[in-house]
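A.B. asks: Chains as they are written, first to last, in the working numbering: chain A, 1 to 547; chain B, 548 to 1094.
Number of protein chains: 2
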Amino acid sequence: MADTNTTDDVGTLGARATGIDAGNDGDADAAGATAGAGVEPAVLINPKTDIAALAELERHLYAHRYAQIGIACYGSSIDPAAAAADRGEAQAILEEEDQALLCSPETGAMLERLSLPHVAELLTPTQAAEVRVLKRDRSRLVDVPGEVQGAFTRLVSESDDVWRRAKAANDWESFEPYLDRVVHQMVDIAGFRDPQRNPYDVWLDDFEHGTDRAFYDAFFAQVKGVVVPLLAEIASKGWQPDRSVIEGKFDEGRQWELARDLMDLEGLDKRTVFLTSTEHPFSDALTTNYGIIAAHVYPEDVISNVFTMLHEGGHALYETGVDPSYDYTVLKGGTSSGIHEAQSRFFENYVGRSRAFAPHLLAAMAKHFRGQLGRVTPNQFYQATNRAEGTPVRVEADELTYPLHILIRYEIEQELFSGEATAADVPTLWKQGYKDYLGVDVVDYAHGCLQDTHWADGLFGYFPTYALGGAYGAQMRHRMIDEGMDFEGLLAQGDLSPISAWLKDRIWKYGRSKDPDELIASACGEPFDARYYTDYLVEKFSALYGL
Amino acid sequence: MADTNTTDDVGTLGARATGIDAGNDGDADAAGATAGAGVEPAVLINPKTDIAALAELERHLYAHRYAQIGIACYGSSIDPAAAAADRGEAQAILEEEDQALLCSPETGAMLERLSLPHVAELLTPTQAAEVRVLKRDRSRLVDVPGEVQGAFTRLVSESDDVWRRAKAANDWESFEPYLDRVVHQMVDIAGFRDPQRNPYDVWLDDFEHGTDRAFYDAFFAQVKGVVVPLLAEIASKGWQPDRSVIEGKFDEGRQWELARDLMDLEGLDKRTVFLTSTEHPFSDALTTNYGIIAAHVYPEDVISNVFTMLHEGGHALYETGVDPSYDYTVLKGGTSSGIHEAQSRFFENYVGRSRAFAPHLLAAMAKHFRGQLGRVTPNQFYQATNRAEGTPVRVEADELTYPLHILIRYEIEQELFSGEATAADVPTLWKQGYKDYLGVDVVDYAHGCLQDTHWADGLFGYFPTYALGGAYGAQMRHRMIDEGMDFEGLLAQGDLSPISAWLKDRIWKYGRSKDPDELIASACGEPFDARYYTDYLVEKFSALYGL
């Protein structure tokens, strides 16, 4: 039998196992023939062969991503409880396959050849961007030994589980050792990837390419310098808007109808974006034809529903607004956490928490809850959803104090990574940060340093992108107005389409083909500047509180 | 850089691309060293290496199957409409990967080595079964050229689409050429796989290992010889049970509650079996911890809901009743279409359409529809759900006439494969068959030869397993009674657990480790015999109609 020949690699599953070399055989033979002429083989592979292999690699990464997103999304919402371990095993195997595809020496050689100047000039701009992004994705994985990466994956899986139980039991001690282990392993992994660089900078750059501690230090100094005194001034006024007008019990079925109406109001196309329910809201997309919003409704909090939908809807607009020709390629999806958060916070805050748009949100809500909300005025609604004050929980924070919650985390992350602090110091640092920046007394761990899942999941360096996204969005808003858009007038009319068109044209359509700094500069006509964010906050909250 | 070295296979994605050789390097080296001693390499690979590679191969097949089942199940129920093509592409790529994994020469060589007598004796019985089943799965694919298989996959995808539109428009002509092409390509593929064998036999064996035309000819002759005269006798009586007692409009929400109650009644564990809604009902399982039942409720037909749930529940009981140690291996799941249908039809017919169980189904229904069904008697219900008469549509057929619908299809399939008929003859053959066997005048294509999706999907050879499954089930029921089980008494008590325990112990737990004929012989103590099926039909319907 032709297929029972044995070679040195029998007993392992060899070259044809993924089938991803199918169709290239002809070209590969041609290249082999040329290489036989005595010229350097690295240069003489037919670029067409490599370009075909590039597309083929991306097709497989696409299918795996499709499988992974599908498994994760549905897994979190509808799988039977007993299936958790089996699901995790399937996910881990697919992740291994992805890493193997990207990290194989053949992929590395192919990407290097496609980067050679005389080859690169044969590529379309899209192909060149694909090579650049794939090389970066690959570089994040290829120098980390498999057993180190595997140990980290297992650690954060366990750590997430310990964290869930610790938070429920308000028990810091059980989680504390995991936090140290997560930090140590992240420091080690950063060392494999870039031994010359500060480990925390490696991770900051992962989530927002082009950022580091120097960047964020400057950013947060600027934010802190404005927000802390502004908050003190508000507190000294001794007045707060009445939130009781929007409180009450709201039927869950009708809240889901409201959620669907909010999708229409935000301009989401239900033929391409699918709404489902979950415990922890998120949004994702498989292609531009298939976005997912997973939301949660609480009978006692209809406002959470409204702003969650606007927020996740912003993510979904971004993902489904990418150039459709990037579907099935590595350029599909959002370019960074910060740019993604800029879109979600744009719709949540610059649209949703504006005075001008308040009548439209109120009308959408009153349609389903006439008896409870029929007499609330737009001004009452605007004030109630913009009450600025120090509170202990990040996800419930208002627009003004939100970046201070992030700053507290950013400072602690730096201390943990530098070794100035260990997990044992975190509760004290947390208490001190909340007291200093927000005037809040932390009363327990569950609403204190155990409130977020990020650290348990190994997402150190991720928090800062939340605040940065808000600042990106403010700069985009400023630019729209500066170019002559009647931003407030559009909100007053409830017409978001020119705003979405602007964002699609400047941000969404580029997918991962441009990096964040490049996107901001091209969209806004100048580099990132946090001043637009602080100016916006001062103007909005001074007016609201009559300062 | 170590990973930019070039070899002859640069430009393709090579051996390490799936990562599935990870962890075997040590063993492979050991094997290489042994091979260096000058002995036949095929014999000298360390069996431990091959056994590890076997498990590794199955892990990857598991993850791909998990992804495929998940994508298909959720895809059919909740994906946005625009996502269909993107979903199809992801599925096709994962299918390619599966085929490549299974068909690689390395996999072939590994399976051959593990089949060598002195190696096979080192395997556990489970491992030996894994090798046997994998070799058979592989043999179904490996001799078919990739472009032939690819053309067939694309043809049936297109053909399914054409069929859907043709059925909706009652338009035979548009579908006719596709039917010929599907048959021709299936004949060609069978020729690649086994040129010595009759092509239709190749496909019959695919769906039910060990069967061929001779087997089914004998089976259907036996069935026809009993059912046709029995049906004529019933028709000559001129009496039919009243079906109106179970007709009406039934609220969909309450029908879903009924569906969940029926899961309890059937003994399905909701921690492991998940109920969802879909257009065309099915059941599947990812592992024994994760079964899926996708059902459909019609406001005007609560009976369809009841028997669909019992039927799909039978499939789910089988899949989740397999030995859990087979999870993640190729032995997971049902062994054949016929054995699977035996389980589903067991619960649908031998339990659900029995006189003894009628009070329990009626009570479950009356709980949710007291006003409509509160006064129906068990006897009325039993008679109404067992009305035996010729009707044009297979899926609405009663238990007695059902195998004749299958026989008509089986005869036409044979004529198409032998070349005695082409697609152009099918409408006439169909009319003649329904007239001869069922006394039915076919009035249109949509309720005639366009009613089923199977031929459009390339599933020639599949229909016969439906009738065979019914006959298998009758033999199992006979054996239970023969061994002393008070079958009717248990049904009367509504206690299905001893019946499920019997099926689990004789059938379900074995998964794919035993073939159908072997399972029947071991479960029933003798080879398959259709007499139990015909005896059952005669006894049941003679009593019901007072013949």
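Note that the Cβ used here is the ideal one computed from N, Cα and C, for glycine as well.
1. What number of angstroms, rounded off, separates the C-alpha of A120/A from the C-alpha of E518/A?
2. For A842/B, return the contacting residues in chain A, with the cut-off set at a CB-CB distance below 9 Å.
3. Taking only three categories from DSSP, how would you classify T377/A?
4. Who are the neighbours of T834/B on chain A, taking C-beta pairs under 8 Å?
5. Let me confirm a value: R740/B is counted as buried when at least 16 other C-beta atoms fall within 10 Å, else exposed. Which label applies?
6. Give every residue of the same chain whose Cβ lies closer than 6 Å to the Cβ of H311/A, excluding the five residues on either side of it in the sequence, and list them in chain order.
7. I think L101/A touches L61/A, with their Cβ atoms under 8 Å apart; what is that distance to the nearest whole Å?
8. Can you give me the C-alpha to C-alpha distance between K514/A and E208/A, rounded to a whole angstrom?
9. If you follow the beta strand (DSSP E) that T823/B is part of, which residue opens it and which one closes it?
10. Taking only runs that begin and end inside the stretch 246 to 330 of chain A, name each unbroken beta strand (DSSP E) of 3 or more residues, in chain order.
11. Counting only Cβ-Cβ distances shorter than 9 Å, please list the residues of the stretch 609 to 620 of chain B near chain A, keeping chain order.
12. Taking the CB atoms as reference points, tell me whether A905/B and F928/B lie closer together than 8 Å.
13. Cβ of A521/A less than 8 Å from any chain B Cβ?
14. If you reduce the DSSP assignment to three classes, tell me which class R1078/B lands in.
15. Ignoring anything shorter than 4 residues or poking outside the stretch 404 to 457 of chain A, list the alpha helix (DSSP H) runs there in chain order.
16. Since R59/A meets chain B, which of its residues come closer than 7 Å, beta carbon to beta carbon?
17. Can you check which of these residues, S1047/B, M1027/B, Y992/B, is closest to A715/B by C-alpha distance?
18. Check each residue of the stretch 248 to 279 of chain A: if its Cβ is closer than 9 Å to any Cβ of chain B, include it; give the result in chain order.
19. Count the CB pairs spanning the stretch 970 to 982 of chain B and the stretch 761 to 769 of chain B that are closer than 8 Å, and state whether there are at least three.
20. What is the DSSP secondary structure of A610/B, counted as helix, strand or coil?
21. Counting C-beta neighbours from all protein chains within 10 Å, is the total for I71/A 16 or more, i.e. buried, or is it exposed?
22. Who are the Cβ neighbours of V680/B in its own chain at under 7 Å, not counting the five residues just before and after it?
23. If you count every other CB in all the chains shown that lies within 10 Å of the CB of V395/A, and 16 or more means buried, which is it?
24. How is V636/A classed by DSSP in three states: helix, strand or coil?
25. Cβ closer than 8 Å: which chain B residues qualify as neighbours of D327/A?
26. Check whether chain A comes within 8 Å of A1021/B, counting only Cβ atoms and requiring the distance to be less than that.
27. Express the C-alpha separation of H447/A and L407/A in angstroms, rounding to a whole number.
28. Whose C-alpha, out of F175/A, V376/A, A67/A, S157/A, is nearest the C-alpha of A424/A?
29. Taking its Cβ as the centre, do 16 or more other Cβ atoms sit within 10 Å of A575/B, making it buried, or is it exposed?
30. For a contact defined as C-beta to C-beta under 8 Å, what are the partners of A637/B on chain A?
31. Runs of 4 residues minimum, wholly inside the stretch 661 to 694 of chain B: which ones carry the alpha helix (DSSP H) assignment?
32. For the alpha helix (DSSP H) that contains S174/A, what are its first and last residues?
33. How would you call D530/A, buried or exposed, if buried means at least 16 neighbouring beta carbons within 10 angstroms?
34. Can you give the Cα-Cα distance for S277/A and T453/A, rounded to whole angstroms?
35. Contact defined as beta carbons within less than 8 Å: I believe M1032/B pairs with W1049/B. What is the distance between those atoms, to the nearest angstrom?
36. Are L404/A and L438/A closer than 8 Å when you measure CB to CB?
C.D. replies: The structure says:
1. As a first step, residue 120/A must be located in the first sequence, where it is residue number 120. As a first step, residue 518/A must be located in the first sequence, where it is residue number 518. A120/A and E518/A: Cα-Cα distance of roughly 21 Å.
2. Locating residue 842/B in the second sequence gives position 295, where the first residue counts as 1. Result: empty, since nearest Cβ-Cβ is about 14 Å, beyond 9 Å.
3. For the purposes of this step, residue 377/A is taken as the residue at position 377 of the first sequence. Looking at T377/A - three-state DSSP - the assignment turns out to be coil, as it is neither helix nor strand.
4. Counting from 1 along the second sequence, the entry for residue 834/B is found at position 287. Per Cβ cutoff of 8 Å: A83, D86.
5. Here residue 740/B refers to the residue found at position 193 of the second sequence. Looking at its Cβ environment, which holds 16 or more other Cβ atoms inside 10 Å, R740/B is buried.
6. On the first sequence, position 311 is the one that residue 311/A refers to. For H311/A, where only same-chain residues beyond five positions count, the Cβ hits under 6 Å are S344, E348.
7. Walking along the first sequence from the start, residue 101/A turns up at place 101. Walking along the first sequence from the start, residue 61/A turns up at place 61. About 6 Å; that satisfies the 8 Å criterion.
8. What you label residue 514/A is simply residue 514 of the first sequence in a count that begins at 1. What you label residue 208/A is simply residue 208 of the first sequence in a count that begins at 1. Their Cα atoms are separated by approximately 12 Å.
9. As a working note, residue 823/B is residue 276 in the second sequence. 820 to 824 is the span of the beta strand (DSSP E), which, as asked, contains T823/B.
10. 273 to 277, 282 to 287, 290 to 295
11. Y609, A610, H611, R612, Y613, A614, Q615, G617, I618, C620
12. Walking along the second sequence from the start, residue 905/B turns up at place 358. Walking along the second sequence from the start, residue 928/B turns up at place 381. Contact flag set, yes.
13. Residue numbering aside, residue 521/A sits at position 521 when the first sequence is read from its first letter. It does not; no Cβ of chain B falls within 8 Å.
14. Along the second sequence, one-based indexing puts residue 1078/B at 531. DSSP places R1078/B in helix when its eight states are reduced to three.
15. 426 to 438
16. Position 59 of the first sequence holds residue 59/A. Result: I640.
17. One-based indexing of the second sequence puts residue 715/B at position 168. That would be Y992/B, whose Cα lies nearest to the Cα of A715/B.
18. D269, K270, R271, T272, V273, F274, T276
19. no
20. Translated into the one-based positions of the second sequence, residue 610/B becomes position 63. Of the three classes helix, strand and coil, the one that applies to A610/B here is helix, per DSSP.
21. As a working note, residue 71/A is residue 71 in the first sequence. I71/A comes out buried.
22. The residue given as residue 680/B occupies position 133 in the second sequence. Cβ neighbours of V680/B beyond the five flanking positions: V877, L878, R1059.
23. Residue 395/A sits at position 395 when you count from the first residue of the first sequence. Flag for V395/A reads exposed.
24. Residue 636/A lies beyond the residue range present for chain A, which begins at 1 and ends at 547; the question has no answer from this structure.
25. What you label residue 327/A is simply residue 327 of the first sequence in a count that begins at 1. Simply D633.
26. The residue labelled residue 1021/B in the question sits at position 474 within the second sequence. Chain A contact via Cβ: absent.
27. Position 407 of the first sequence, counting from 1, holds the residue named residue 407/A. Position 447 of the first sequence, counting from 1, holds the residue named residue 447/A. In a straight line, the C-alpha of L407/A is about 17 Å away from that of H447/A.
28. Here residue 424/A is taken as the residue at index 424 of the first sequence, counted from 1. If we check each option's Cα against that of A424/A, F175/A comes out closest.
29. Working through the second sequence from its first residue, we reach residue 575/B at position 28. Residue placement at A575/B cannot be trusted, given a pLDDT of 34 that sits under 50; what the coordinates show is reported in the next sentence. Buried.
30. Indexing the second sequence from 1 puts residue 637/B at position 90. Ordered by position in chain A, the residues that pass the 8 Å Cβ test against A637/B are Y62, A63, Y66, A67, L286.
31. 664 to 667, 672 to 689
32. What you label residue 174/A is simply residue 174 of the first sequence in a count that begins at 1. From DSSP, the alpha helix (DSSP H) with S174/A extends over 172 to 193.
33. Looking up residue 530/A in the first sequence gives position 530. According to the sequence as given, residue 530/A is Ala; it is not Asp. That one is buried.
34. If you number the first sequence from 1, residue 277/A lands on position 277. If you number the first sequence from 1, residue 453/A lands on position 453. Going by the C-alpha atoms only, they are around 19 Å apart.
35. Numbered from 1 along the second sequence, position 485 holds the residue referred to as residue 1032/B. Numbered from 1 along the second sequence, position 502 holds the residue referred to as residue 1049/B. That belief holds up - the Cβ atoms of M1032/B and W1049/B are roughly 7 Å apart, short of 8 Å.
36. Counted from its first residue, the first sequence places residue 404/A at position 404. Counted from its first residue, the first sequence places residue 438/A at position 438. For L404/A and L438/A, yes; Cβs fall inside 8 Å.
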